[in-house]
Amino acid sequence: MSGFTGVNSLALAGPSDLCFAEQRDQAEAVSRSRAGAVIVPLDFPTIDGPELLRTTRPRERFFSIAERFVPRPAAAGIHPSAVVDPSAQLGEAVSIGPNAVVGADTHIGPRSVIGAGSVIERNVSIGADCTLEANVTIQRNCELGARCILHSGCVIGGDGFGFVWDGSAHRKVPQLGRVVIEDEVDIGCNSCVDRATLGETRIRRGTKIDNLVQIAHNTDIGAHVILVSQSGVAGSSRLGTGTVVAGQVAISDHLEIGAGARIGGQAGVTKDVPAGATVFGTPARPMKQTLRELAALAQLPALLKTMKGWRAELMALKLQLSELERSLRKP
Amino acid sequence: MSGFTGVNSLALAGPSDLCFAEQRDQAEAVSRSRAGAVIVPLDFPTIDGPELLRTTRPRERFFSIAERFVPRPAAAGIHPSAVVDPSAQLGEAVSIGPNAVVGADTHIGPRSVIGAGSVIERNVSIGADCTLEANVTIQRNCELGARCILHSGCVIGGDGFGFVWDGSAHRKVPQLGRVVIEDEVDIGCNSCVDRATLGETRIRRGTKIDNLVQIAHNTDIGAHVILVSQSGVAGSSRLGTGTVVAGQVAISDHLEIGAGARIGGQAGVTKDVPAGATVFGTPARPMKQTLRELAALAQLPALLKTMKGWRAELMALKLQLSELERSLRKP
Amino acid sequence: MSGFTGVNSLALAGPSDLCFAEQRDQAEAVSRSRAGAVIVPLDFPTIDGPELLRTTRPRERFFSIAERFVPRPAAAGIHPSAVVDPSAQLGEAVSIGPNAVVGADTHIGPRSVIGAGSVIERNVSIGADCTLEANVTIQRNCELGARCILHSGCVIGGDGFGFVWDGSAHRKVPQLGRVVIEDEVDIGCNSCVDRATLGETRIRRGTKIDNLVQIAHNTDIGAHVILVSQSGVAGSSRLGTGTVVAGQVAISDHLEIGAGARIGGQAGVTKDVPAGATVFGTPARPMKQTLRELAALAQLPALLKTMKGWRAELMALKLQLSELERSLRKP
Chain A
1 MSGFTGVNSL
11 ALAGPSDLCF
21 AEQRDQAEAV
31 SRSRAGAVIV
41 PLDFPTIDGP
51 ELLRTTRPRE
61 RFFSIAERFV
71 PRPAAAGIHP
81 SAVVDPSAQL
91 GEAVSIGPNA
101 VVGADTHIGP
111 RSVIGAGSVI
121 ERNVSIGADC
131 TLEANVTIQR
141 NCELGARCIL
151 HSGCVIGGDG
161 FGFVWDGSAH
171 RKVPQLGRVV
181 IEDEVDIGCN
191 SCVDRATLGE
201 TRIRRGTKID
211 NLVQIAHNTD
221 IGAHVILVSQ
231 SGVAGSSRLG
241 TGTVVAGQVA
251 ISDHLEIGAG
261 ARIGGQAGVT
271 KDVPAGATVF
281 GTPARPMKQT
291 LRELAALAQL
301 PALLKTMKGW
311 RAELMALKLQ
321 LSELERSLRK
331 P
Chain B
1 MSGFTGVNSL
11 ALAGPSDLCF
21 AEQRDQAEAV
31 SRSRAGAVIV
41 PLDFPTIDGP
51 ELLRTTRPRE
61 RFFSIAERFV
71 PRPAAAGIHP
81 SAVVDPSAQL
91 GEAVSIGPNA
101 VVGADTHIGP
111 RSVIGAGSVI
121 ERNVSIGADC
131 TLEANVTIQR
141 NCELGARCIL
151 HSGCVIGGDG
161 FGFVWDGSAH
171 RKVPQLGRVV
181 IEDEVDIGCN
191 SCVDRATLGE
201 TRIRRGTKID
211 NLVQIAHNTD
221 IGAHVILVSQ
231 SGVAGSSRLG
241 TGTVVAGQVA
251 ISDHLEIGAG
261 ARIGGQAGVT
271 KDVPAGATVF
281 GTPARPMKQT
291 LRELAALAQL
301 PALLKTMKGW
311 RAELMALKLQ
321 LSELERSLRK
331 P
Chain C
1 MSGFTGVNSL
11 ALAGPSDLCF
21 AEQRDQAEAV
31 SRSRAGAVIV
41 PLDFPTIDGP
51 ELLRTTRPRE
61 RFFSIAERFV
71 PRPAAAGIHP
81 SAVVDPSAQL
91 GEAVSIGPNA
101 VVGADTHIGP
111 RSVIGAGSVI
121 ERNVSIGADC
131 TLEANVTIQR
141 NCELGARCIL
151 HSGCVIGGDG
161 FGFVWDGSAH
171 RKVPQLGRVV
181 IEDEVDIGCN
191 SCVDRATLGE
201 TRIRRGTKID
211 NLVQIAHNTD
221 IGAHVILVSQ
231 SGVAGSSRLG
241 TGTVVAGQVA
251 ISDHLEIGAG
261 ARIGGQAGVT
271 KDVPAGATVF
281 GTPARPMKQT
291 LRELAALAQL
301 PALLKTMKGW
311 RAELMALKLQ
321 LSELERSLRK
331 P
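Protein chains in written order, with UniProt numbering: chain A, 1 to 331; chain B, 1 to 331; chain C, 1 to 331.
Written out as structure tokens, the structure reads:
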């Protein structure tokens, strides 16, 4: 594969790009592609056009090659414009981008990359092989495991949203805890993970969080959880291992979401969800129930019309019966 | 109009400010205003107070004057604190703000303004007359047309959210594509546009995107689309020309939204939407259908009570008929 | 209390930490805790373990002590990497962090702290004792009262989202107003407050705004309002004093929300809400009505089945009556 300089989609590829196709009905798109070569399944049609590389699992094979094309930071080392506190401990081959700020008593593990404009406050610990893209913020005392990816604009360790009404104003409850993010967690652009009031907000190993997601204080997000864009988890809620939360879902505070639960898009979860359950709707109910209710609702307008007819029939029947009774009584 | 130093609302204007009023019932507000002059329709009442400037289309006339008051960057040129890679190509009169970062092999068109703290990564191309406000991020390889406005905190080119479960962990699908933004596109504060897995995420000419909007990887957002705040479009979906997406709408992945479609606030779109259609609800249905269902639902609690009455009537009728039959059979 | 170096949760506390417990059923957790001391109610059980400090209101007492542990910025003063315009007026003991940018004609009140990487544009006024965390943006001409807290990534003064279709394109309505934020307002991470088209977007005294919240142009957010994460208020709407807006709520434009109103999670408010009212649902209706409708909806699938039975009964009854009549007429 040494001749390829990139990977691309069939439509946009050029002669030095590698592509893939999985479906037989992509044959025409493959033949029209300017790609240098296309990885296809063993039984893919023979066509004119780019060279075909036949294999059993074209998608897997392709992405395993594609990983080699993921760009690495231009150069390791500390950019002269970065502000790094002298007390910071940096592992070997750490890269710190232009205008980044690294606070006192921080610890950054080997080969981690801090993007341009990112701010790492004091006493933060970052594991090995992490990537922080540009303009990330990690506030004081927070901890990040190894091989994490933090995308641009995300904020780790903002204050939890806690206030007590003192009779004349909302008085701020001091937020003195921190955020702990375990290994291999990804956090999307402009997402927020708030520090605990006391103790920890924890995101466990392997969890993947999309853009614009809100993780409130004192939550415990289990391992291998998926949180899709614009979803939010309110204070102190706990998500079990492997929970899948779709886009724009809201999970209320102090709830327990069981392992492997699936929360449908835009659901509003107001009660605990048992392990393995699938819920949907606002308030969230078991998926089947919500779908059944929605199907019934679709019949309701027609039903209301029908029922006016029935009402008339019922009244007519009543009258008919009374008439009959009266006629029988008469003689 | 040379005597005016600003434009303002009637309530806040001072003697050197220009205002406008469209409705006759604003006459009292106009007379109370301290404005220097007020642009009004030809048939506006004559009042004491500020000078009235009568014209056929006061709003249009006003905003066409108001445009002259939009502030320009204080000074063109590269601020000494900015970090600009020597390989970057800058057009004439480009302005780069304090602590901004411009990466290698970037190209910035004439008169474009890069706000303070913004980060433009390597191999990015920006057209002429663009404005990037403070703290914007554009990641590697992305392309921006002419006359675009990117508001503070927005992130262009974050990784798409793609993972494959490999039996023990979510394995990241490398995101090797880019984002292409055509001419005259505005993107709001803290909004996110993700790079394609392969190929392009494309936002077409003249589209306007509000704050905190999520545009996922491989989407194709048509020309002149409106996306209101906190809406989101999931992976690979395509929006036709002139689609209007209201606030907090979610559009699922791999959908086709036809040209001129209108998506009502908070809708959850799970199916293709035909051109010109208006949809609403979660899951989104034709607007009229959803409104009819909601109207029917409002009658349902009363209906349930009524129906208990009918049930009783039906039972009574049944009994009455049986009694009658028995009484007739007896003799 | 001088012996304590921190406050923490019972589970995570060490021997130099102070904790609190309110409920008698926390007795076991208290006895297991490694805390140095625990503040408890007067009637808390006597247990082995940490020293107990008995008081009437343990939570209040605890948090009043805890406030002393909120960290202060490492050092007042202007970091050498910050870019501060010579015309900026800084009060005594102002702290400006690394790589922050402070524009021309700004005014920053005494003891206020500007976090690393934050950008304050020209002609901004910030009151006394404010905290701006890292990577905050305040755009030109905006005003901030005293004792405000702006969390990382929030953007104050982005352009309002205003366009007019001119027959071939969305033409931008210039956004020439500003944002005024009164005293003791908190704004969460990555939240956005847009400048007015003309005049002011105003957030009144004591209001607390969570993360990822959208406040559109020309809105007037009353005093002591609570806006929970991912909620949004559209253009020109007004929220009365003490309104409570739950997570992911959308409030449409040009609405009046009365003082003390409560908006339930994910509601979509499309009409004015009277003072003190509680609303829920999309479109938002009085909470009781929405709950009644949801309860009725839950019965609907069963009702539809039942009604098929009734239909059959009604038809049978009709037939029975006709038969009876015919049999009576026969002879």
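Idealized CB from N, CA, C, for every residue including glycine.
>> Let me check understanding here. Comparing Cα to Cα, which of C:A82, C:G127, C:L227, C:R57 lies closest to D183 of chain C?
In response: It is C:G127 whose Cα lies nearest to the Cα of D183 of chain C.
> Excluding the five sequence neighbours on either side, which residues of its own chain have a C-beta within less than 7 Å of the C-beta of L227 of chain A, listed in chain order?
Replying inline: Closer than 7 Å at Cβ, skipping near neighbours: I209, D210, V213, V245.
> Using a beta-carbon distance below 8 Å, is M1 of chain A in contact with chain C?
Replying inline: At M1 of chain A the pLDDT is 46, less than 50, meaning the model places this residue with poor confidence; the figure from the coordinates comes in the next sentence. Not a single CB atom of chain C sits nearer than 8 Å to the CB of M1 of chain A.
>> Here's the rule I'm using: 16 or more other beta-carbon atoms within 10 Å means buried, otherwise exposed. How should Q139 of chain B be labelled?
In response: The residue in question, Q139 of chain B, is buried, as its Cβ has 16 or more Cβ neighbours within 10 Å.
>> Can you find the residues in the same chain that come closer than 6 Å, C-beta to C-beta, to D105 of chain A, ignoring five residues on each side of it along the sequence?
In response: The answer, listed in chain order, is S87, R122, N123.
> What residue range is occupied by the uninterrupted beta strand (DSSP E) comprising G158 of chain C?
Replying inline: First-last of the beta strand (DSSP E) with G158 of chain C: 155 to 158.
>> Among C:V173, C:G232, C:A100, C:A223, whose alpha-carbon lies nearest the alpha-carbon of N190 of chain C?
In response: It is C:G232.
> Per DSSP, T219 of chain B forms a beta bridge with which residues?
Replying inline: BP columns for T219 of chain B are empty, so no partner.
> CB G206 of chain B to CB V185 of chain B, shorter than 8 Å?
Replying inline: A contact, by the Cβ cut-off of 8 Å.
> Can you list, in chain order, the stretches of the beta strand (DSSP E) that have 3 or more residues and sit fully within the region 48 to 133 of chain B?
Replying inline: 51 to 55, all fully within the region 48 to 133 of chain B.
> Mapping DSSP to helix, strand and coil, what is D43 of chain A?
Replying inline: Here D43 of chain A sits in coil by DSSP.
> What's the C-alpha gap between D17 of chain B and A35 of chain B?
Replying inline: Their backbone Cα atoms lie some 5 Å apart in a straight line.
> DSSP on M1 of chain B, reduced to helix/strand/coil?
Replying inline: With a pLDDT of only 46 at M1 of chain B, under the threshold of 50, the placement of this residue in the model should not be trusted, and no figure is reported.
> How long is the line joining the alpha carbons of R195 of chain A and I181 of chain B, rounded to whole angstroms?
Replying inline: I181 of chain B has its alpha-carbon roughly 36 Å from the corresponding atom of R195 of chain A.
> For L212 of chain B, which beta-bridge partners are listed by DSSP?
Replying inline: The partner list for L212 of chain B (beta bridge, DSSP) is empty, contrary to what the question assumes.
>> If distances are taken between C-alpha atoms only, which option among C:G49, C:S33, C:F62, C:N99 comes closest to P41 of chain C?
In response: Looking at the Cα atoms, C:F62 is the closest of the given residues.
> So, L176 of chain C versus V119 of chain B, is the Cβ gap smaller than 8 Å?
Replying inline: Cβ atoms of L176 of chain C and V119 of chain B: not closer than 8 Å.
> How would you call G242 of chain A, buried or exposed, if buried means at least 16 neighbouring beta carbons within 10 angstroms?
Replying inline: By the neighbour-count criterion, in which a residue is buried when 16 or more other Cβ atoms sit within 10 angstroms of its Cβ, G242 of chain A is buried.
>> Which of the three DSSP states is assigned to T137 of chain B in this structure?
In response: The DSSP-derived three-state label of T137 of chain B is strand.
> Could you give the residue range of the beta strand (DSSP E) that holds T278 of chain A?
Replying inline: 278 to 280 is the extent of the beta strand (DSSP E) around T278 of chain A.
> Quick one: what's got a C-beta closer than 6 Å to G199 of chain B's C-beta in the same chain, skipping five residues either side?
Replying inline: Hits under 6 Å: G177.
> Where does L12 of chain B fall in DSSP's three states?
Replying inline: L12 of chain B falls in the coil class under three-state DSSP.
> List, in order along the chain, the chain B residues whose C-beta lies closer than 7 Å to that of A7 of chain A?
Replying inline: Checking the sequence shown, residue 7 of chain A turns out to be Val, not Ala. Correct list: L176, L198.
> Under a three-way DSSP split, which group does T197 of chain A fall into?
Replying inline: Coil at T197 of chain A, not helix or strand.
>> Quick check: what's the CA-CA separation for A146 of chain C versus Q230 of chain C?
In response: Each residue's alpha carbon lies about 25 Å from the other.
>> Please report the distance separating the alpha-carbon of P286 of chain C from that of L52 of chain C.
In response: Taking the straight line from one Cα to the other gives about 47 Å.
> Whose Cβ in chain B lies nearer than 7 Å to the Cβ of residue 383 of chain A?
Replying inline: Limits of chain A in this structure are 1 at one end and 331 at the other, which puts residue 383 of chain A out of reach.
>> Using a Cβ-Cβ cutoff of 8 Å, what residues of the region 210 to 223 of chain A are near chain B? List them in chain order.
In response: Residues passing the 8 Å Cβ filter: D210, N211, L212.
> Got a sec? Which residues, its chain only, sit under 6 Å from R292 of chain B by beta carbon, not counting five neighbours each side?
Replying inline: Around R292 of chain B: no qualifying Cβ.
>> Please list, in chain order, the chain A residues whose beta carbon lies closer than 8 Å to that of G28 of chain C.
In response: Sequence inspection shows Glu at residue 28 of chain C; the Gly mentioned does not correspond to that position. Those within 8 Å of E28 of chain C in chain A number zero; the least Cβ separation is about 18 Å.
> If we ignore side chains and look at the alpha-carbon of each, how far apart do V83 of chain C and T197 of chain C end up?
Replying inline: Roughly 29 Å separates the two Cα atoms.
> Just by C-beta distance, which residues in the region 308 to 321 of chain C are closer than 8 Å to chain B?
Replying inline: Under the 8 Å Cβ criterion, the region 308 to 321 of chain C contributes W310, E313, L314, L317, Q320, L321.
> To which residues of the same chain is L150 of chain A closer than 6 Å at the C-beta, ignoring the five residues directly before and after it?
Replying inline: Answer for L150 of chain A: L132, V136, I187, listed in chain order.
> Where does D183 of chain A sit, in a helix, a strand or coil, going by DSSP?
Replying inline: D183 of chain A carries a coil assignment under DSSP once its states are collapsed to helix, strand and coil.
> Between the C-alpha atoms of M1 of chain B and D159 of chain C, what's the straight-line distance to the nearest angstrom?
Replying inline: Per-residue confidence for M1 of chain B stands at a pLDDT of 46, beneath the threshold of 50, marking its modelled position as unreliable; the derived number appears in the next sentence. Going by C-alpha positions, M1 of chain B is about 25 Å away from D159 of chain C.
> Under 9 Å Cβ-Cβ, which residues of chain A neighbour L300 of chain B?
Replying inline: Chain order gives the chain A residues near L300 of chain B as L297, L300, L304, where near means a beta carbon separation below 9 Å.
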